[in-house]
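Residue numbers (this note's numbering): 808 to 1175.
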Amino acid sequence: MVWRHCFVGIFDDLRVGNKYRIGRKIGSGSFGDIYLGTNIISGEEIAIKLESVKAKHPQLEYEARVYKSLAGGVGIPFVRWFGTECDYNAMVLDLLGPSLEDLFNFCNRKFSLKTVLLLADQLISRIEYIHAKSFIHRDIKPDNFLMGIGKRGNQVNVIDFGLAKKYRDPKTHFHIPYRENKNLTGTARYASINTHLGVEQSRRDDMESLGYVMLYFCRGSLPWQGLKAATKKQKYDRIMEKKMTTPTEVLCRGFPNEFAIYLNYTRSLRFDDKPDYSYLRKIFRDLFVREGFQYDYVFDWTVYKYQKNAAQIKRDEQADDKNASGVASGQPTTAAATKATPAIQSNRARKMISETPEQRGVGTSDRM
């Protein structure tokens, strides 16, 4: 909650950094809330992430530093401003579109092979860039990948670096030491087996997590979802057991062998190994070509959006035809029905388009 006395102006004109007006809340997570914001000078919409300075484990300043270390990379949001206003740390970021989890739900929780492969190419490249800057993300999941907006609507962006960590010295490239007995950091559903076993995370773990994300998109769910347990630890243990006892060929059954190759490769990496990102991209690119797909960036949500729009327009036309025939035959019609003109139809169509996730200027994932 942002108290009005903490900022310049009245309740409807809350600001941070003197020039960013805070609007409605658009998301929240364990580390803070995200608001839609506006640059009062340029009128540009941005995102503002707020965190109480009294938070038990403040991390927004650290996250802002990570973003700045990664600045300039494709698919890395730019931090416009970071600072403290009254009792809140605030970070101003580029505004992005819906998360892959949002879009997955929009597409009835299943992506086509083409969409998964289009995403895989970008996702591998994003993680490769983060690793090249000496960081590991440690929370690879669909909620933390957001599509862009406008001209960059087909670009995948990576967010939420609150759990990111340097895995090597940026100058000497000296790798962090191997450790055990670590608590699980990240999201259990997509965590690597070694992370479940308490091993210090490294590059291999981000890549294994990405494998689970891709299979989640292909399958619609993962075998270790929905397991019941009395405590969080027991649930994590059950997830780990299911993950370890589900053979790769079973997990990937019904899908091209490349997914099993990817997962087996990432699981075979040693702690300080550098993944062969080019090899992993190539196996999926070769599959893409072999399947005869086109690199047209037409994702499932693009197709699904227009199918929904077309169906709605057809329903509207049928309703109008029915109303028109009713008028011609002298049948009584309602005032609302007689107003259903082509002009109104086009407005309905525009409304349908504007309400799809691709057109929203903000994701609804639990973190920014």
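Positions of the beta carbon are idealized from the N, C-alpha and C atoms, including for glycine.
DSSP bridge partner residues for residue i (one or two, in chain order)
i, result
"Leu843", "Ala854"
"Ile943", "Lys972"
"Arg1122", "Partner(s): none; Arg1122 has no beta bridge."
"Val823", "Tyr827"
"Ser835", "Asp840"
"Ser932", "Bridge partners of Ser932: none, in fact."
"His982", "Arg975"
"Ser906", "Leu953"
"Ser859", "Tyr895"
Buried or exposed by the 16-neighbour rule on C-beta atoms within 10 Å, applied to residue i
i, result
"Asn964", "buried"
"Asp1107", "buried"
"Ile848", "exposed"
"Lys1040", "exposed"
"Met1051", "exposed"
"Asn825", "exposed"
"Gln1125", "exposed"
"Ala1147", "Low local confidence applies: a pLDDT of 40 at Ala1147 is under 50, so the model's placement there is unreliable, with the coordinate-based value given in what follows. Looking at its Cβ environment, which holds 16 or more other Cβ atoms inside 10 Å, Ala1147 is buried."
"Val1169", "In this prediction, Val1169 scores a pLDDT of 36, lower than 50, which makes its location untrustworthy; the coordinate-derived value is nonetheless stated afterwards. Under this definition Val1169 is a buried residue."
"Ala1118", "exposed"
"Gly882", "buried"
"Cys893", "exposed"
"Gln1114", "exposed"
"His980", "exposed"
"Pro1082", "buried"
"Ala1037", "exposed"
"Tyr874", "buried"
"Val1020", "buried"
"Tyr1023", "buried"
Endpoints, beta strand (DSSP E) assigned at residue i
i, result
"Thr891", "886-892"
"Val965", "963-965"
"Leu900", "895-901"
"Leu1177", "It is not possible to answer for residue 1177, since the shown part of the chain is limited to 808 through 1175."
Between the CA atoms of residue j and residue i - distance to the nearest angstrom
i, j, result
"Glu870", "Phe913", "29 Å"
"Tyr895", "Ser859", "5 Å"
"Arg916", "Ala939", "32 Å"
"Val823", "Gly839", "15 Å"
"Lys948", "Tyr997", "7 Å"
"Leu1017", "Asp1123", "42 Å"
"Asn1154", "Asp1044", "Residue placement at Asn1154 is poorly supported in this model, since its pLDDT is 38, which falls under 50; the coordinates are not used for a value here."
"Ile841", "Arg1097", "42 Å"
"Leu907", "Pro984", "33 Å"
"Gln866", "Gly879", "22 Å"
"Gly1027", "Leu920", "12 Å"
"Glu935", "Ile853", "27 Å"
"Asp901", "Tyr1104", "22 Å"
"Phe889", "Gly844", "14 Å"
"Arg1060", "Lys861", "48 Å"
"Lys989", "Gln1008", "9 Å"
"Lys856", "Val899", "6 Å"
"Pro1063", "Gly830", "45 Å"
"Asp950", "Pro977", "28 Å"
"Arg933", "Leu1076", "19 Å"
Bounding residues of the alpha helix (DSSP H) (the contiguous stretch that carries residue i)
i, result
"Leu1087", "1084-1097"
"Lys1071", "The sequence shown places Asn at residue 1071, rather than the Lys named in the question. Segment 1064-1075, the alpha helix (DSSP H) holding Asn1071."
"Cys1025", "1010-1026"
"Ile792", "Residue 792 is absent from the model: the chain starts at 808 and stops at 1175."
"Ala871", "867-877"
"Asp1044", "1039-1052"
"Thr1055", "1055-1058"
Proximity test, residue i beta-carbon vs the ligand HEM heavy atom, cut-off 8 Å
i, result
"Asp950", "For the structure depicted, the ligand HEM is absent and the ligand set is empty, with no information on it obtainable."
Residue-chain proximity (residue i, chain C), Cβ-Cβ < 9 Å
i, result
"Phe1106", "The displayed structure is made up of one protein chain only, and chain C is not part of it."
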